[in-house]
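Only one structure is covered here, and it is reproduced in the block below.
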Amino acid sequence: MDTRAQQDQYGRGGPGPRAGRTRAPRLTRRLTRPLRSLRLTVAAGAAALALTAGLATPLNPAPQQARADDGKKVLTVAVAQSMDSLSPFLAVRLVSTSVLRLTYEYLTGYSAKDNSAVPGLATEWTASDDKLTWTYTIRSDAKWSDGKPVTAEDAAWTFNKMMTDAGAATANGSFVGNFREVTAPSPTKLVIELKKPQATMAALDVPIVPKHVWEKVGDFSKFNNDKDFPIVGDGPFVLTGYKADSYVRLKANKSFWRGAPKFDELVFKYYKDGDAAVAALQKGEVSFVYNLTPAQSAALKKQENIKVNDAPGRRFYALATNPGARSKDGQEFGDGDPSLLDERVRHALFMAVDRKTIVDKVFQGHAVEGKGYIPPRFDTYHWEPSGDQELSYDPAAAAKLLDEAGYRKNAAGKRVGKDGRPLNYRVLCHATDPNDKAVGKYLEEWWGDLGIGITLDCLDNVTDPWLAGEYDLAFDGWSVNPDPDFVLSIHTCAALPATPKDTGATDNFICDEKYDGLYDRQLAEYDPAKRADLVKQMQSRLYDTGYMNVMAYPNAVEAYRTDQIASITTMPEAAGNIFGQDGYWSWWSAQPAGSDGSSGSGGSTGVVVGIVAGVVVLVGAAGLLALRRRSTADDRE
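Residue numbering for the sequence shown follows my numbering, starting at 6 and increasing by one per position.
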């Protein structure tokens, strides 16, 4: 999401499946997903991993760590997520969209200084008086990495494919839903005609792909773009290698129109364990780590040749409530607890969550309390509830709401449902995120005082139960773009799956007519102040319905080795993040230590280490398809 948002369901103590629906058909369908056929290999793979940890690997033929011996400058980034797909039409995880931003250009970008729209593949853009026709001038100095010129036809083909192929619209279909026609009258002229005004025309976060490569693809819903390397792109880096749940390898695009990156190669290496990633940074095996815990950050600040970046982030951290999973065709599915369909129950749960404790004890001050849906870093759109609207921490008031809703305590002090069974909520939790587990312990205490039990389902992958609607609540999080349209769109009715068997763009199945009306109005509003007001009204509605409880806005806490990286751009430049930017500024601008006279015991060459050692079991490419819709707390970019 994730989203920022991974999987298998355990038992529960609450009511069974929703009336009129049995579990068997749903489970049968889920078992046919590609991931299921791979799970039996996990145990064997883990054993094999232990044996191969010190052996030769694709990037390191020798078992010992080694610096590049060919004089290349290599920057290695430790990442906490695995790729869900290398297809820009399917990928939604933050790590995936970050890699694809390096591989493919967008029409426009965001300035690292102030988030304003800046030229990308398009050098300029204009709108007709009625704002229904937009004309983009495509730069003439851009080339695909195979030497062919980038033209307006590539952009037109990309958008038209998304408009006509549901599989190609999986990740970013919301951006083209209002397009009437897209044409390329000349190699440098792109024309987009709209059905109605659309305020996001300078913020279309859609990677443009080469037509001559992608027109050969058959089923876009299953093509993960992970077989043939190097992958043809026009971004600052060319993707040259990949191994699932292990690494992504890129090389500098020397013909990139903005100028070649300073590092010759860039490697994203996956670590399931955060402490292992930090240890690798301390030993110089990687150049950069992110998503640091407070303890890790404090320890690294004392280390020589390591710089910690701690800045306001672009992500929210939330609890999402299952509102009753359904599809566009009206079918209900999943087995969310019926009690959560009562707004009073949802409000009671959120009034029993102490956000201050979460910020102080879990994030240890490296976050601010959550309220609205959009982080305060985006002050134009950030919203906070009024005093009488706020669902502040008040356990007594929460207990009263539950009583009013008919969920009273029995003789044993347990809240019981209308069927007489004690309430016990399943909470999907990411096994790789220590924050989820820590907050979960507090929820056990806070909701336990209300007489409600919880079962923390901490899983390596929450995809299956989430898509199946087989959860009650879930830890959720998405990284927000400067233009908030995408994270707003995932709560519209249009984002629901077409049928229970399909995958939609929805985050957690919210479908509210009032919210949808506000969404349509903000999308068509060009006046910045009026649009910002509508976006705030949408957040107010989302808050009042109680389906999303934003608990915190975590800081971006990350670190890099100054003896490998002399300088790097944050976004915003004044105080912002390095990993997961709304663009490619960090890795494109990164300056190798020693290459410009700067000091550094590591010289100008980064470290390439054994990619297999210390990482989790490799998953086959087919597993990417089942995983693509949900990630860790960092979900979408």
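Don't be surprised by glycine CBs; every beta carbon is placed ideally from N, CA and C.
Inspect the beta-carbon positions of residue i and residue j and report whether they are closer than 9 Å.
i      : j      : result
Ala132 : Met206 : yes
Thr326 : Arg360 : no
Ser292 : Thr81  : yes
Asn644 : Gly246 : Coverage of the chain is limited to positions 6 through 642, which leaves residue 644 absent and any answer about it impossible.
Asn314 : Thr575 : yes
Asp239 : Pro215 : yes
Met556 : Tyr322 : yes
Phe180 : Leu137 : no
Leu354 : Asn554 : yes
Asn183 : Pro487 : no
His496 : Tyr531 : no
Glu268 : Ala257 : Contrary to the premise, residue 268 reads as Phe rather than Glu in this sequence. Cβ distance < 9 Å, so Phe268 and Ala257 count as in contact.
Pro147 : Leu126 : One point to set straight first is that residue 147 is Ala, not Pro, in the sequence displayed. Yes, Cβ-Cβ distance for Ala147 and Leu126 is below 9 Å.
Ile363 : Tyr476 : no
Tyr386 : Pro489 : yes
Asn432 : Leu461 : At residue 432 the sequence reads Val, which differs from the Asn that was named. Yes, Cβ-Cβ distance for Val432 and Leu461 is below 9 Å.
Val4   : His435 : The shown model of the chain, from 6 to 642, leaves out residue 4, and the question about it has no answer.
Using a C-beta cutoff of 9 Å, does residue i count as contacting chain C?
i      : result
Tyr558 : No chain C is part of this structure, which consists of one protein chain only.
Using CA atoms only, rank isn't needed, just tell me which of the options is closest to residue i.
i      : options                           : result
Asn429 : Cys463, Leu478 and Ala127         : Leu478
Trp139 : Lys194, Val421 and Arg263         : Lys194
Asp224 : Val421, Met167 and Leu523         : Met167
Val485 : Gly588, Ala416 and Lys405         : Gly588
Cys463 : Gly482, Asn440 and Leu472         : Asn440
Lys312 : Trp593, Ala571 and Glu348         : Ala571
Glu643 : Val196, Thr169 and Asp135         : Because the chain here runs from 6 to 642, residue 643 falls outside it and cannot be looked at.
Tyr412 : Leu523, Val467, Ser344 and Val222 : Ser344
Ala160 : Gly152, Trp219 and Phe338         : Trp219
Pro559 : Glu578, His217, Arg382 and Phe355 : Arg382
Pro93  : Asn229, Val222 and Gly474         : Asn229
Lys221 : Tyr115, Trp162 and Val272         : Trp162
Lys438 : Lys153, Val540 and Lys277         : With the sequence shown as reference, residue 438 is identified as Asp, and Lys is not the correct amino acid for it. Asp438 has its Cα closest to that of Lys277, out of Lys153, Val540 and Lys277.
Arg185 : Lys256, Val237, Ala176 and Lys200 : Lys200
Ala537 : Lys419, Leu472, Trp388 and Val367 : Trp388
Gly509 : Val237, Phe164 and Ala330         : Ala330
Ala403 : Ala171, Gly453, His371 and Val187 : Gly453
Ala529 : Ala598, Asp384, Phe368 and Pro202 : Pro202
Asp424 : Asp365, Asp342 and Lys376         : Asp342
Taking just the CA atoms, how far does residue j sit from residue i?
i      : j      : result
Thr102 : Asp340 : 31 Å
Leu455 : Val444 : 17 Å
Pro299 : Tyr548 : 29 Å
Lys655 : Lys77  : In the structure displayed, the chain extends from 6 to 642; residue 655 sits before or after that span and is not available.
Lys118 : Phe584 : 16 Å
Phe514 : Ser494 : 12 Å
Gln542 : Ala500 : 20 Å
Pro241 : Arg106 : 9 Å
Gly628 : Glu337 : In this predicted model, Gly628 has a pLDDT of only 40, less than 50, meaning its place in the structure is not dependable enough to derive any value.
Gln648 : Pro235 : Any answer about residue 648 is impossible in this case: the structure gives the chain only from 6 up to 642.
Leu43  : Val467 : Bear in mind that the predicted position of Leu43 carries a pLDDT of just 33, short of 50, making it too unreliable to give a figure here.
Arg320 : Val421 : 36 Å
Tyr111 : Ala204 : 17 Å
Lys535 : Lys274 : 43 Å
Pro502 : Val540 : 24 Å
Ala417 : Glu449 : 17 Å
Ala176 : Gln569 : 35 Å
Leu305 : Lys288 : 12 Å
Three-state secondary structure (DSSP) at residue i?
i      : result
Asn429 : strand
Asn165 : helix
Thr102 : helix
Asp193 : The amino acid occupying residue 193 in the given sequence is Thr; Asp does not appear at that position. Three-state result, Thr193: coil.
Met356 : helix
Gly178 : helix
Tyr275 : strand
Pro235 : coil
Lys221 : coil
Thr298 : coil
Gln596 : strand
Ala29  : In this prediction, Ala29 has a pLDDT of 30, which is less than 50 and means its spatial position is unreliable; what the coordinates show is noted afterwards. Three-state DSSP puts Ala29 in a helix.
Val283 : helix
Ile363 : helix
Mind pulling the beta strand (DSSP E) runs of 3 or more residues that sit fully within the segment 426-471?
429-435 and 458-464
At which residue ranges does the segment 498-579 contain complete beta strand (DSSP E) runs of 3 or more residues, listed in the order of the chain?
553-559, 561-566 and 570-572
I'd like the ranges of any beta strand (DSSP E) spanning at least 3 consecutive residues and lying wholly in the segment 363-419.
372-374
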